[in-house]
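These protein sequence lines map, in sequence, to chains W and H. FYI, the numbering for the first sequence is 163 to 555, going by the working numbering. FYI, the numbering for the second sequence is 23 to 122, going by the working numbering. Read through the structure below, which is laid out as structure tokens, and then see the notes.
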Amino acid sequence: MSIKERMSGNEAIAIAMRQINPDVMPAFPITPSTEIPQYFSQFVANGQVDTEFIPVESEHSAMSAAIGAEAAGARTFSATSSCGLALMFEMLYVAASSRLPITLACVNRALSGPININADHSDSMGARDAGWIQIYSETNQEAYDNFIQAVTIGEDPEVQLPVMVCQDGFITSHAVENIELLDDKTVKDFVGEYAPEDYLLNAARPIAHGPYDIEKYYMEHKRLQAQGMINAKEVILKAAEKFEKISGRKYGLFEEYKLDDAQVAIVVLSSTAGTAKEAVDELRAAGKKVGVLKLRVFRPFPMEELADALKHIDMVAVMDKSEGFSACGGPVFAETRSALYDVVNSPKIVNYVYGLGGRDVTIDHIKGIFETLLAEKDSKETLETYRFLGVRE
Amino acid sequence: MKNKKGVAIEETMSWKDITPGGVVYESGSAKHFKTGDWRSMRPVFIADKCKRCLLCAPVCPDSSIPVVDGKRLDFDYDHCKGCGICYEVCPFDAIEFVKE
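Structure (structure tokens):
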């Protein structure tokens, strides 16, 4: 039985956390994710959850405390953004390498400098190789749904990896939208109790975490960790299937929007996907065959599935809301182009770096990209792939 | 050091049999890791001069002076770092401190 409500993306995440009632939540406030621990500490103070809330002095400490708690056997959450995530970087690797399924709400925001508090993906993309599963959310509904699923994905014995659920700072974190909440019991039943096979507080089978791991063993541990990420793809799909049964909402590794007969397409993450879908609707009304592929899961990267979904497209534009400073395009572009490399007669593919530091992206911007793609799709020229959207020339 | 099936972890083990995150299913695993090869100075035990006062054993930062049944045994050179504290503390010159 779903509950119709209206709330911001931050509140939606906090509600999901309350419904799950984790054992431990260490957090440090940082814009724009501050509201998540703020709401959650109220639930703790009101006795609505019996979580041990740890107000720490920095995000490095927040992730360190989360690692200790999760290793002890406690279901542990945290929330952060931007420089807070950057301050966690060292510990993000420790969490993933120690195979501790912490769930983190990442509210995407630009990294300094110059100082900027608005949305872009430079924080989570900077952490893309830390070994965390990354799931991106278009709306506050998806942030809520993804967070609930993330808990079960990370904790699956075949995965055993931490998960960050990303949403766009202010765009979804603060904007209030209609949402359908599940009732508390349905959520609790979906996530179940956390029952790790081994944990530090288990006196029956003592273990040691975080050993010194020299060259004789390190690579075997990394290979085993990689297998967790490989296994995650199937586990993510299973969690989505199970979640559809309780919510009626369908999720995959990505969402295809009017892609079947499209000649040109845009690949995009998070809230811009909504803008892109609206642009598709308007252009479709004018008879243009355009579509969108909204990437939901960036880690693990769904290489084969993505290649299969895009193989019939003439020309693809990959949208990157972060600068990778590779001098040839952003991170989503690099991965998507790599995925398409093995496709026979692969689509033309270009990159648009856009929306940095909260630069607005409108339906007209996206329509402009589609018009460019339609004009260039049959070009015999070698096209410039590294492009910027909405920058003053 | 053992994996979760109780099999000893050693250098020929495949990634499929090693433990996730390098978790070790045993306590006191530091004894398996030989750290004595960092040493540049070496304490040498002269048993004849030793009066069994055992002042040396508790000050050793690496527990490298084994004591069994009240009797001090020779140094554990697999783990001794050659810090020289035992040499400094011995009142009977029963420990020499020489170049490694």
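Beta carbons: idealized from backbone N, C-alpha and C, even for Gly.
I want to verify the contact list: residues of chain W whose CB lies under 9 Å from the CB of residue i, in sequence order.
| i | result |
| --- | --- |
| H:E33 | K378, Y379 |
| H:S62 | In chain order: nothing, as chain W lies at least about 21 Å away. |
| H:Y47 | D360, R367, P368, I369, A370 |
| H:S51 | A370, P373 |
Under DSSP, the beta strand (DSSP E) around residue i begins and ends at which residues?
| i | result |
| --- | --- |
| W:F460 | 459–461 |
| W:C268 | 265–270 |
| W:A174 | Note, W:A174: premise wrong, no beta strand (DSSP E); alpha helix (DSSP H) at 171–182. |
| W:Q329 | 325–330 |
| W:E466 | Here W:E466 belongs to no beta strand (DSSP E); instead the alpha helix (DSSP H) covers 465–472. |
| W:I192 | Element bounds for W:I192: n/a, residue is neither H nor E. |
Use the C-beta contact count for residue i: other C-beta atoms within 10 angstroms, 16 or more gives buried, fewer gives exposed.
| i | result |
| --- | --- |
| H:W60 | exposed |
| W:M381 | exposed |
| W:K378 | exposed |
| W:H371 | buried |
| W:N280 | buried |
| W:I428 | buried |
| W:T524 | exposed |
| H:K27 | exposed |
| H:G50 | exposed |
| W:K166 | exposed |
| W:L535 | buried |
| W:V506 | exposed |
| W:Q204 | exposed |
| W:D282 | buried |
| W:S488 | exposed |
| W:S299 | buried |
| W:Y374 | exposed |
| W:L545 | exposed |
| W:R180 | buried |
| H:H54 | exposed |
| H:C75 | exposed |
| W:E219 | exposed |
| W:C268 | buried |
| W:N340 | exposed |
| W:L421 | buried |
| W:R367 | exposed |
| W:T334 | buried |
Could you please give me the residues that DSSP links to residue i through a beta bridge?
| i | result |
| --- | --- |
| H:P65 | H:F119 |
| W:Q389 | According to DSSP, which records beta bridges pairwise, W:Q389 is partnered with nothing at all. |
| H:V89 | H:R94 |
| W:I511 | W:V478 |
| W:G453 | W:A427 |
| W:R168 | W:N340 |
| W:E417 | W:K456 |
| H:T41 | Partner(s): none; H:T41 has no beta bridge. |
| W:F550 | W:V515 |
| W:S220 | For W:S220, which the question treats as bridged, DSSP gives no partner whatsoever. |
| W:F405 | Partner(s): none; W:F405 has no beta bridge. |
| H:A194 | Absent from the structure is residue 194 of chain H, since the part of chain H shown begins at 23 and ends at 122. |
| W:A370 | H:V46 |
| W:S240 | W:L266 |
| W:V186 | W:E214, W:T238 |
In chain W, which residues lie with their C-beta within 8 Å of the C-beta of residue i?
| i | result |
| --- | --- |
| H:V66 | Going along chain W, no residue has its Cβ under 8 Å from H:V66, so there is no contact; the nearest lies around 29 Å. |
Taking Cβ-Cβ distances shorter than 8 Å, what residues in chain H pair up with residue i?
| i | result |
| --- | --- |
| W:I295 | In chain order: nothing, as chain H lies at least about 15 Å away. |
| W:E556 | Since the first residue of chain W shown is 163 and the last is 555, residue 556 of chain W is not available in this structure. |
Since residue i meets chain W, which of its residues come closer than 7 Å, beta carbon to beta carbon?
| i | result |
| --- | --- |
| H:P42 | R261, Q322, L386 |
So which residues on chain H does residue i lean against when the C-beta distance must stay under 7 Å?
| i | result |
| --- | --- |
| W:D318 | Under the 7 Å cutoff, chain H gives no residues; its nearest Cβ is about 12 Å from W:D318. |
| W:D375 | G44 |
Go to residue i, then tell me how far its alpha helix (DSSP H) extends in each direction, as first and last residue.
| i | result |
| --- | --- |
| W:I216 | Looking at the DSSP string, W:I216 is not in any alpha helix (DSSP H); the run it does join, the beta strand (DSSP E), is 214–217. |
| W:L502 | 493–502 |
| W:F352 | 346–353 |
| W:V442 | 434–447 |
| W:E377 | Premise fails: W:E377 is in no alpha helix (DSSP H) and is neither H nor E. |
| W:A248 | 244–249 |
| H:I107 | 107–111 |
| H:C78 | 78–81 |
For the ligand FAD, any of its heavy atoms closer than 6 Å to the Cβ of residue i?
| i | result |
| --- | --- |
| W:C245 | In the structure on display, the ligand FAD does not appear, and there are no ligands present to speak of. |
Going along the chain, which unbroken runs of the beta strand (DSSP E) with 3 or more residues stay wholly within the segment 260–316 of chain W? For the segment 260–316 of chain W, the full-length beta strand (DSSP E) segments reaching 3 residues or more read 265–270, 295–298 along the chain.
Pick out the complete alpha helix (DSSP H) segments inside the segment 521–548 of chain W, 4 residues or longer, and give them in chain order. 525–538
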